[in-house]
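Take 110 as the starting number for the sequence shown in this note's numbering and just add one per residue.
I have placed the structure first, in the form of structure tokens, so that the comments after it can refer back to it.
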Amino acid sequence: MNRTRPPDPRVTARPSRRRGAVVVGAVVLALAAAACGRSTAPAASSVVATSVDPGLRSTLPAAIRARGELRVGTDASYPPMSSFGPDGRTVVGIEPDLGAQIGRILGVRITFVNTEFGALLTRVQDGDLDLAMSAITDTPARARTVDFVNYFVAGTAIVVQRGNPAAISDLRDLCGKAVAVESDTVQVDLLARSQRNCGGHPIVVSTYPTNSDALLRLRTGRAVAVLNDLPPAVLLTTDVRTRSQYQLASTTQYEPAPYGIAVAKGQPGLRDAVQGALQRAVASGSYEQALSRWKVHAGAVDQVTVNSGR
């Protein structure tokens, strides 16, 4: 994703996407909800305390400081990155946890807004959202419209039905078969590039508004596979509620690349404030704690960069 011409996408052993402007809860509340007994929402009581950084706060645009709030778009259908908690309205996950840290350091409230994935970047550009944080892979094409603050690394995995009835082990095995995937994701592009290996038996790709829709096709046997980023794929195949239905086709991860928090190109102060806040979270250890709580520490970064997917 960070190269103009993609290399062989296969990378082994290591470690992207949604509905109207509905505010689904300040992230501080999301942390509380995460401790309410949901198996995929670990307790957050051990987070390293952080305080407001006056220098970083002063970097924020004056309008945001006056409002005291950052509106962050996310597709809340992609656990463990972002999804609805037990109350059905509060967003929980790795991204809300990291958002809470950003808010504490910048001294603002963070409100996550459930948004159709394909609309996220447009709404950031239009100023309807301040940020978008939704497992968005930082690609050159996307970076032509927004800036990205890079905070995580993940690649794509193939999810199949438990028992793998179609005997899928890699992308070539998808040729001639039905595959479901969420619209506007890097997985759509990966499947398009993979068609060149299929000869006269192309992959039959169907796209859906949410990842949940794509998984329904797999679960009901109308697709042999779904392509997901690795963290959601691992969760699906290990969580007690879903592991009887799904498994990974293999341990292979395709095209690992950075996730980015999207910021409008005309907002360098906001971009730099978010980058600085996350870098401070990395230095304090609270960033690593958040990832470890959700068991995705393999995707951690040491340096929070800007537009590194080039």
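The beta-carbon is built from N, C-alpha and C at its ideal position, and this holds for glycine as well.
Computed from a predicted structure; not experimentally measured.
Exercise. With 16 as the cutoff for other CB atoms within 10 Å, does Asp338 come out buried or exposed?
Worked result: Against the sequence shown, residue 338 aligns to sequence position 229. Classification of Asp338: buried, given that the 10 Å Cβ count is 16 or more.
Exercise. According to DSSP, which residues form a beta bridge with Gly369?
Worked result: Residue numbering aside, residue 369 sits at position 260 when the sequence shown is read from its first letter. Asn259, per the DSSP bridge assignment.
Problem set entry | Beta-ladder partner(s) of Val335, from DSSP | Taking the sequence shown and counting its residues from 1, the one referred to as residue 335 is at position 226. According to DSSP, Val335 bridges with Val268 and Ala289.
Exercise. Of all the beta strand (DSSP E) runs that stay within the bounds of the region 158 to 199, which reach a length of 3 or more residues?
Worked result: 178 to 183 and 191 to 193
Exercise. Given a threshold of 16 other Cβ atoms within 10 Å of its Cβ, counted over all protein chains shown, does Arg232 qualify as buried or as exposed?
Worked result: By 1-based counting over the sequence shown, the position of residue 232 is 123. Counting Cβ neighbours within 10 Å, Arg232 comes out buried, since at least 16 surround it.
For this session: Return the chain-ordered list of same chain residues with a C-beta closer than 8 Å to the C-beta of Pro311, the five sequence neighbours on each side being excluded.
Result: Locating residue 311 in the sequence shown gives position 202, where the first residue counts as 1. Cys284, Gly285 and Gln304.
For this session: Quick one: residues in its chain with C-beta nearer than 6 Å to the C-beta of Leu387, no 5 flanking neighbours on either side, listed in chain order?
Result: Here residue 387 refers to the residue found at position 278 of the sequence shown. Excluding positions up to five away in sequence, the list reads Tyr260 and Val413.
Exercise. On the premise that Val262 lies in contact with Ala366, defined as a C-beta separation below 8 Å, what is that separation, rounded to the nearest angstrom?
Worked result: For the purposes of this step, residue 366 is taken as the residue at position 257 of the sequence shown. For the purposes of this step, residue 262 is taken as the residue at position 153 of the sequence shown. Ala366 to Val262, Cβ: 7 Å. Contact.
Exercise. Would you say Gly264 and Tyr363 are within 8 Å of each other, going by their C-beta atoms?
Worked result: Reading the sequence shown from its first residue, position 155 is the one you call residue 264. Reading the sequence shown from its first residue, position 254 is the one you call residue 363. Yes, they are a contact pair.
For this session: Excluding the 5 residues preceding and the 5 following Arg389 in the sequence, name in chain order all residues of the same chain whose CB lies nearer than 8 Å to its CB.
Result: Residue 389 sits at position 280 when you count from the first residue of the sequence shown. For Arg389, where only same-chain residues beyond five positions count, the Cβ hits under 8 Å are Thr159, Asp162, Leu165 and Ile214.
Exercise. In the structure shown, what three-state DSSP assignment does Thr254 receive?
Worked result: On the sequence shown, position 145 is the one that residue 254 refers to. Note: Thr254 maps to coil in three-state DSSP.
Problem set entry | Burial state of Ser292 (16 or more Cβ within 10 Å) | Taking the first residue of the sequence shown as position 1, residue 292 is located at position 183. It counts as buried.
Exercise. For Gly216, which residues of its own chain have a beta-carbon under 6 Å away from its beta-carbon, when the five flanking residues on both sides are left out?
Worked result: Residue numbering aside, residue 216 sits at position 107 when the sequence shown is read from its first letter. Cβ within range, chain order: Val161 and Arg166.
Exercise. What is the DSSP secondary structure of Thr224, reduced to helix, strand or coil?
Worked result: Translated into positions along the sequence shown, residue 224 becomes position 115. Here Thr224 sits in coil by DSSP.
Exercise. According to DSSP, what are the bridge partners of Ile219?
Worked result: For this step, residue 219 is matched to residue 110 along the sequence shown. Answer is Leu179.
For this session: Indicate whether the contact test is met: 3 or more Cβ pairs, each with one atom in the region 241 to 258 and one in the region 370 to 382, closer than 8 Å.
Result: yes
Exercise. How would you label Val222, buried or exposed, when you count the other beta carbons within 10 angstroms and need 16 or more for buried?
Worked result: Within the sequence shown, the letter at position 113 stands for residue 222. Val222 comes out buried.
Exercise. Do Leu357 and Val268 have their CB atoms nearer than 8 Å?
Worked result: Here residue 357 refers to the residue found at position 248 when the sequence shown is read from its first residue. Here residue 268 refers to the residue found at position 159 when the sequence shown is read from its first residue. Cβ distance < 8 Å, so Leu357 and Val268 count as in contact.
Exercise. For Val415 versus Gln384, is the C-beta distance shorter than 8 Å?
Worked result: Position 306 of the sequence shown, counted from the start, is the residue given in the question as residue 415. Position 275 of the sequence shown, counted from the start, is the residue given in the question as residue 384. Yes.
For this session: Can you grab the Cα-Cα spacing for the pair Asp381 / Ser393, in whole Å?
Result: Here residue 381 corresponds to residue number 272 of the sequence shown, with the count starting at 1. Here residue 393 corresponds to residue number 284 of the sequence shown, with the count starting at 1. Each residue's alpha carbon lies about 18 Å from the other.
Problem set entry | For Tyr396: DSSP bridge partner residues | Your numbering for residue 396 matches position 287 in the sequence shown. Answer is none; Tyr396 lacks a bridge partner.
Exercise. Out of curiosity, what's the CA-to-CA distance linking Arg180 and Pro274?
Worked result: By one-based count along the sequence shown, residue 180 stands at place 71. By one-based count along the sequence shown, residue 274 stands at place 165. Straight-line Cα distance between these residues: approximately 43 Å.
Exercise. Do the CB positions of Thr316 and Val297 come within less than 8 Å of each other?
Worked result: Along the sequence shown, one-based indexing puts residue 316 at 207. Along the sequence shown, one-based indexing puts residue 297 at 188. Cβ atoms of Thr316 and Val297: closer than 8 Å.
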